[in-house]
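Straight run, no breaks: the sequence shown in our numbering ends on number 143.
A virtual CB, placed ideally from N, CA and C, is assigned to each residue, including glycine.
Everything numeric in this text was worked out from a predicted model, so none of it was measured.
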Amino acid sequence: MKAINGFGLSNIGPFHSGLAMSNLVQQLRTELRKGKATACMGSTMFRAQINQLASGPTLKMEGSLTGEWAQEAKSLVTNGPVPKGLIVDLTDVSYIDSVGEQVLAWLGSVGASFMAKAVYAASICERLQLPLHGKPSYSLKHS
Numbered sequence: 001m002k003a004i005n006g007f008g009l010s011n012i013g014p015f016h017s018g019l020a021m022s023n024l025v026q027q028l029r030t031e032l033r034k035g036k037a038t039a040c041m042g043s044t045m046f047r048a049q050i051n052q053l054a055s056g057p058t059l060k061m062e063g064s065l066t067g068e069w070a071q072e073a074k075s076l077v078t079n080g081p082v083p084k085g086l087i088v089d090l091t092d093v094s095y096i097d098s099v100g101e102q103v104l105a106w107l108g109s110v111g112a113s114f115m116a117k118a119v120y121a122a123s124i125c126e127r128l129q130l131p132l133h134g135k136p137s138y139s140l141k142h143s
């Protein structure tokens, strides 16, 4: 997977910061068309890739699912028809902001199921009521 170099945006002015961000987004979009993306900005890292596994098409995400990166992850899925039986693997996601949560809710609404082996990712899936891969989509908890 080709990595996209990050930019130390905190040390440059707003105009140059905007140019660097624009360049980074353009590079990321190029990678998204290839079905994979890695982005790093400052200390924030995000990676997304769709793989065809025996269990079905899997969108593997790593790092911080935030802001524009969350929207780019959605673009990765919507480049064509949403793959039937899409599995979204959140195991290596370390942080999700409100934009990332909206993208996850959208993925759930179009039929994706979620893998969340880490505590943080599992708690997000539970709070957003996202269907877990290999588990019934209804809750067995009694009120």
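- A distance below 9 Å separates the beta carbons of THR91 and ALA116.
- A check of alpha carbon separations from THR78 across THR66, LEU107, ALA118 and ILE87 identifies LEU107 as the nearest.
- In this structure, ASP89 lies near THR58, with their beta-carbon atoms less than 9 Å apart.
- Sorting GLY63, SER64, ILE124 and LEU76 by C-alpha distance to the C-alpha of GLN49 places LEU76 at the top.
- Nearest in C-alpha terms to GLN102, of all of LEU86, GLU62, LEU130 and SER94, is LEU130.
- Ranking GLU126, GLN52 and ARG47 by CA distance to the CA of ILE87 puts GLN52 first.
- Taking the CA atoms as reference points, MET45 sits about 5 Å from GLY63.
- Between GLY111 and VAL82, the gap from beta carbon to beta carbon is short of 9 Å.
- Beta-bridge partners of SER113 (DSSP): ILE87.
- Shortest Cα-Cα distance from GLY85 to any of ALA121, ASP97, GLY56 and LEU132 involves GLY56.
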